[in-house]
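Student:
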Amino acid sequence: MYRYDEFDHEIVQSRVKQFTAQVERRLDGRLTEAQFRPLRLMNGLYLQLHAYMLRVAVPYGTLSSKQMRQLAMIADKYDRGYGHITTRQNVQFNWPELTDVPHILQDLADVEMHGFQTSGNCIRNVTSDPYAGATAEEIEDPRPTAELLRQWSTLHPEFAFLPRKFKIAVVASKTDRAVIRAHDIGIEIVKNEAGETGYHVIVGGGLGRTPIIGQTLRAYLPREELLPYLEATLRVYNRYGRRDNKYKARIKILVTETGIEEFTKQVEEEYATLEPLDIAVSPEEVARITAYFADPDFETLPAHSDAYKAKLLDDKDFALWAENNLAEHKQDGYAIVNISLKPLDLAPGDITADQMRAVADLADEYSFSEIRTTHQQNIVLPHVKKSDLHALFEKLQKVKLAADNIGLITDIICCPGMDFCALATARSIPLSQAIAQRFADPVRQRAIGEMQIKISGCINACGHHHVGHIGILGLEKAGVEFYQVKLGGDASENAAVGQVTGPGFSQEELVDSIERLVDYYIDIREDGERFIDSFKRLGMAPFKEVLYAA
Amino acid sequence: MSTLKHKGKGPQSLTANELREGLNVWLTAEFEWSRDYKMALQTEDEAVMEKMQAKGDADENDNLVVGVYFIDVEPDTGLPVRYREKFRVKGPSYDTADELGLKRAN
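Those protein sequence lines, which keep their order, are chains A and B.
Numbering follows the working numbering, with no gaps: position 492 of the first sequence is 492.
Numbering follows the working numbering, with no gaps: position 76 of the second sequence is 76.
(1) Tell me which same chain residues have a C-beta within less than 8 Å of the C-beta of Met1(B), skipping the five on either side of it?
(2) Leaving aside the five residues before and after Ala72(A) along the sequence, list all residues of the same chain whose C-beta is less than 6 Å from its C-beta, in chain order.
(3) Roughly how many angstroms separate the alpha carbons of Leu41(A) and Gln48(A), rounded to a whole number?
(4) Short of 6 Å in beta carbon distance, which residues of its chain neighbour Glu112(A), apart from the five on each side in sequence? Order them along the chain.
(5) On the premise that Asn405(A) lies in contact with Gln445(A), defined as a C-beta separation below 8 Å, what is that separation, rounded to the nearest angstrom?
(6) Is Ser13(B) helix, strand or coil when you go by DSSP?
(7) By Cβ distance below 7 Å, which residues in the same chain neighbour Ser432(A) in space, the five residues on each side in sequence not counted?
(8) In three-state terms, what does DSSP make of Thr233(A)?
(9) What does a CB cutoff of less than 6 Å around Val48(B) pick up in its chain, not counting 5 residues either side in sequence?
(10) Kindly indicate which three-state DSSP category Gly208(A) falls into: helix, strand or coil?
(11) Would Tyr247(A) be called buried (16 or more neighbouring beta carbons within 10 Å of its own) or exposed?
(12) What's the gap between the Cα of Gly29(A) and the Cα of Glu231(A)?
(13) For the segment 347-361 of chain A, which residues have a beta carbon sitting closer than 7 Å to at least one beta carbon of chain B?
(14) If the cut-off is 7 Å on Cβ atoms, which residues from the segment 176-188 of chain A count as contacting chain B, listed in chain order?
(15) Could you tell me the alpha carbon to alpha carbon distance between Ser119(A) and Lys311(A), rounded to whole angstroms?
(16) Any C-beta of chain B within less than 7 Å: which residues of the segment 413-441 of chain A qualify?
(17) To the nearest angstrom, how far is the alpha carbon of Leu4(B) from that of Glu50(B)?
(18) Tell me where the beta strand (DSSP E) around Lys191(A) begins and ends.
(19) Closer than 9 Å, CB to CB, is Lys55(B) near chain A or not?
(20) Is Tyr334(A) helix, strand or coil by DSSP?
(21) Below 9 Å on C-beta distance, what does Gly195(A) contact in chain B?
(22) I'd like the ranges of any beta strand (DSSP E) spanning at least 3 consecutive residues and lying wholly in the segment 68-104 of chain A.
(23) Within 10 angstroms of the Cβ of Arg243(A), are there 16 or more other Cβ atoms? Answer buried if so, exposed if not.
(24) Consider the Cβ of Lys342(A): report whether some Cβ of chain B lies at a distance smaller than 9 Å.
(25) Is it true that the segment 316-323 of chain A meets the segment 379-399 of chain A, where meeting means three or more beta-carbon pairs spaced less than 8 Å apart?
(26) List the residues of chain B whose Cβ lies closer than 7 Å to the Cβ of Arg80(A), in chain order.
(27) What is the rounded straight-line gap between the Cα of Tyr509(A) and the Cα of Asn460(A)?
(28) For chain B, is any of its Cβ atoms less than 9 Å away from the one on Asp110(A)?
(29) Taking the DSSP output, what are the residues bridged to Trp33(B)?
(30) Determine, using beta carbons only, whether Gly133(A) and Asp295(A) come nearer to each other than 9 Å.
(31) Let me know if Thr233(A) comes out buried or exposed under the rule of 16 or more other beta-carbons within 10 Å of its beta-carbon.
(32) Could you check whether the segment 535-546 of chain A touches the segment 516-524 of chain A, counting it as contact only if at least three pairs of C-beta atoms, one from each stretch, sit closer than 8 Å?
(33) Please report the distance separating the alpha-carbon of Thr62(A) from that of His84(A).
(34) Curious, which full-length alpha helix (DSSP H) runs of at least 4 residues does the segment 373-452 of chain A contain?
(35) From Thr86(A) to Tyr131(A), what distance separates their C-alpha atoms?
(36) Quick check on Thr96(B): buried or exposed, where buried means 16 or more other Cβ atoms within 10 Å of its Cβ?
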């Protein structure tokens, strides 16, 4: 994985010194809250409903075991012994004290981490495929491109005060595991007819209060043109994006109001005025970055492991876990391991400090010290030998990280909601737990098959409810929480925004209604159909009727 | 300085966050800040509210608290009117630390 060069170190260490002094000035009154607030936000420090919250950047969801151990230390020393994986692959701590934050930032800097680009109207932390560098589906590892974008966007003076925040995601396979079409810019690494590698650039996607699926800006962009072309796109957004109304300020609104054809024309015109060579990086620099993401020293192994197969027959729990939590690896004899952070009794995405240390140890022992966070709020060990899988599984069981529900109905995306968030209108964690408990039976979960339930505690949609097969939005009226439902959303390469079903439900009503919906789907599905497939085949009407049948 | 001046209806309490720890606090009858809502001063007296506002502004200027504002209070229950404020009083209904008995090491 990428290691900081001298400039990265200098930037991060300088920021720690700056913020340490800024906190001192805030505490003794030389800075007012109005002056201090944008400074703390630039380091990922929010003031939430009950306390400060620190968001730590995990660029493209890649962590080393050393970094994970440091996060565990921070959770224990400065927080309450746990952290939370966000839908943008970052890590949040819910209870830090202001006076500790400079120390936390120093501890993060010691392992090449920080809170840059996790708040504010800048280009946010770039996200990517958690299977990057491991899946056979990809054209190439998308992380060098994501790292290039990180370096380009970090502290870029022209993009530090955009009309609104700006999110970029990069993938390199047809299967979209980063929801690129719901980003301000989504980048898909593709090949053209000549077999050259370049970029499919998608613009104007986003969730929030106005969900929009991104549209193609350039179907094929030559590799060397990426940074200049994005620079031109950001310039157009910076120039024409609305600053009078924060709810209309995202690029998705600009693209929609301008029209994709006219917007594309504006970008191309701006691009024509640039001196691309002034912005583009040299092939040598690209090669230097790419070298950090070289494959680890994989062993040459047969595609099939007899030891693994034998354990599948011997250990039923292991077989169930392997069925759901493993993905195909590009290297014979290896597997991608998904570690679910969705146990039935805890909040989605939360991980204790002890579990972080256990994951770090397991990454060292079995996965070349590499760890990934996912937008689904889970963790991935990207490179595990099949012959090691059973031993890994047994160790995961010991630290309660062996939930076997990846991609199933209890693998719910869920924002912190009213329990923590200052913007929330309703709780989301208790609802996710109630749904998980209702569908706790592992046999039933498997019978239902792939199902994505996504819950947001407010209209800002951090829980991605617009693109859930079943999306749930928590609202509040006259002191009573209620939940609006969307059906038919899709976060995959076939991205779609779900349709609102109608009036909202109480939490109790909703769990019953979802159960009726799921039972109906089981009854009417055709061979091999997932819930989303049945919904697309039949449309809203029959599902809505069942949902409101009580 | 406060961003939200008194403009509510019925009994009022004054709330803020501690600058250092960030935790929620309410102004007490002794004109001190407490993390316990039960200690919160509740009043409909405009003159008292003015004094509360002055105290909030002063403590914000003295860098003790941030984000001072009044909240509406239900006369019958003594609880905040707004759902959000009820949550600030009660704390999270779910926190992994509480669930597992985790706490800060120091």
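By construction, the Cβ of each residue, glycine as well, lies at the ideal position given by its N, Cα and C atoms.
Tutor: On the basis of the supplied data:
(1) Counting from one through the second sequence, the residue named residue 1(B) turns up at place 1. For Met1(B), the predicted structure reports a pLDDT of 35, less than 50, and the residue's modelled location is therefore unreliable. A value from the coordinates is still provided. Same-chain partners within the cutoff: Asp57, Glu60, Asn61.
(2) Stepping through the first sequence from its first residue, residue 72(A) is reached at position 72. Here the set comprises Ala353, Met356, Arg357.
(3) On the first sequence, position 41 is the one that residue 41(A) refers to. On the first sequence, position 48 is the one that residue 48(A) refers to. If I take the Cα positions, the gap works out to 12 Å.
(4) As a working note, residue 112(A) is residue 112 in the first sequence. Answer for Glu112(A): Tyr4, listed in chain order.
(5) By 1-based counting over the first sequence, the position of residue 445(A) is 445. By 1-based counting over the first sequence, the position of residue 405(A) is 405. So it is a contact: roughly 6 Å between Cβ atoms.
(6) Taking the second sequence and counting its residues from 1, one reaches residue 13(B) at position 13. Reduced to three states, the DSSP call for Ser13(B) is strand.
(7) Your numbering for residue 432(A) matches position 432 in the first sequence. Answer for Ser432(A): Pro348, Ile412, Cys414, Ile455, listed in chain order.
(8) The residue you call residue 233(A) lines up with position 233 of the first sequence. Helix, per DSSP.
(9) Taking the second sequence and counting its residues from 1, the one referred to as residue 48(B) is at position 48. Cβ neighbours of Val48(B) beyond the five flanking positions: none.
(10) Here the question's residue 208(A) lines up with position 208 in the first sequence. Coil.
(11) Taking the first residue of the first sequence as position 1, residue 247(A) is located at position 247. It is exposed - the Cβ of Tyr247(A) has fewer than 16 other Cβ atoms within 10 Å.
(12) In the first sequence, counting from the first residue as 1, residue 29(A) sits at position 29. In the first sequence, counting from the first residue as 1, residue 231(A) sits at position 231. Answer to the nearest angstrom: the Cα atoms are 39 Å apart.
(13) Ala347, Asp350, Thr352
(14) none
(15) Against the first sequence, residue 119(A) aligns to sequence position 119. Against the first sequence, residue 311(A) aligns to sequence position 311. Using only the alpha carbons, I get a separation of about 46 Å.
(16) Met418, Asp419, Phe420, Arg427, Ile429, Pro430
(17) Residue mapping note: residue 4(B) aligns to position 4 of the second sequence, counting from 1. Residue mapping note: residue 50(B) aligns to position 50 of the second sequence, counting from 1. Note that Leu4(B) scores a pLDDT of 48, beneath 50, so its modelled location is shaky and nothing firm can be said.
(18) For the purposes of this step, residue 191(A) is taken as residue 191 along the first sequence, with counting starting at 1. Note, Lys191(A): beta strand (DSSP E), 185-191.
(19) Within the second sequence, the letter at position 55 stands for residue 55(B). It does not: the Cβ of Lys55(B) has no partner Cβ on chain A nearer than 9 Å.
(20) Locating residue 334(A) in the first sequence gives position 334, counting from the first residue. Looking at Tyr334(A) - three-state DSSP - the assignment turns out to be strand.
(21) Position 195 of the first sequence, counted from the start, is the residue given in the question as residue 195(A). Under the 9 Å cutoff, chain B gives no residues; its nearest Cβ is about 49 Å from Gly195(A).
(22) 82-85, 91-93
(23) As a working mapping, residue 243(A) is identified with position 243 in the first sequence. Classification of Arg243(A): exposed, given that the 10 Å Cβ count is below 16.
(24) On the first sequence, residue 342(A) is found 342 positions in, with the first residue counted as 1. So no, Lys342(A) is outside the interface.
(25) yes
(26) Position 80 of the first sequence holds residue 80(A). Chain B residues near Arg80(A): Ala97, Leu102, Lys103, Arg104.
(27) Translated into positions along the first sequence, residue 509(A) becomes position 509. Translated into positions along the first sequence, residue 460(A) becomes position 460. With the sequence shown as reference, residue 509(A) is identified as Glu, and Tyr is not the correct amino acid for it. Going by the C-alpha atoms only, they are around 24 Å apart.
(28) As a first step, residue 110(A) must be located in the first sequence, where it is residue number 110. Not one chain B Cβ lies under 9 Å of Asp110(A).
(29) For the purposes of this step, residue 33(B) is taken as the residue at position 33 of the second sequence. Looking at the DSSP assignment, Trp33(B) forms a beta bridge with Leu27(B).
(30) Position 133 of the first sequence, counted from the start, is the residue given in the question as residue 133(A). Position 295 of the first sequence, counted from the start, is the residue given in the question as residue 295(A). Going by C-beta atoms, Gly133(A) is nearer than 9 Å to Asp295(A).
(31) What you label residue 233(A) is simply residue 233 of the first sequence in a count that begins at 1. Buried, by the Cβ-count rule.
(32) yes
(33) As a working mapping, residue 62(A) is identified with position 62 in the first sequence. As a working mapping, residue 84(A) is identified with position 84 in the first sequence. Approximately 15 Å between the Cα atoms of the pair.
(34) 389-398, 429-438, 442-448
(35) Here residue 86(A) refers to the residue found at position 86 of the first sequence. Here residue 131(A) refers to the residue found at position 131 of the first sequence. Spanning the two alpha carbons is a distance of roughly 17 Å.
(36) Stepping through the second sequence from its first residue, residue 96(B) is reached at position 96. With 16 or more Cβ atoms within 10 Å of its Cβ, Thr96(B) is classed as buried.
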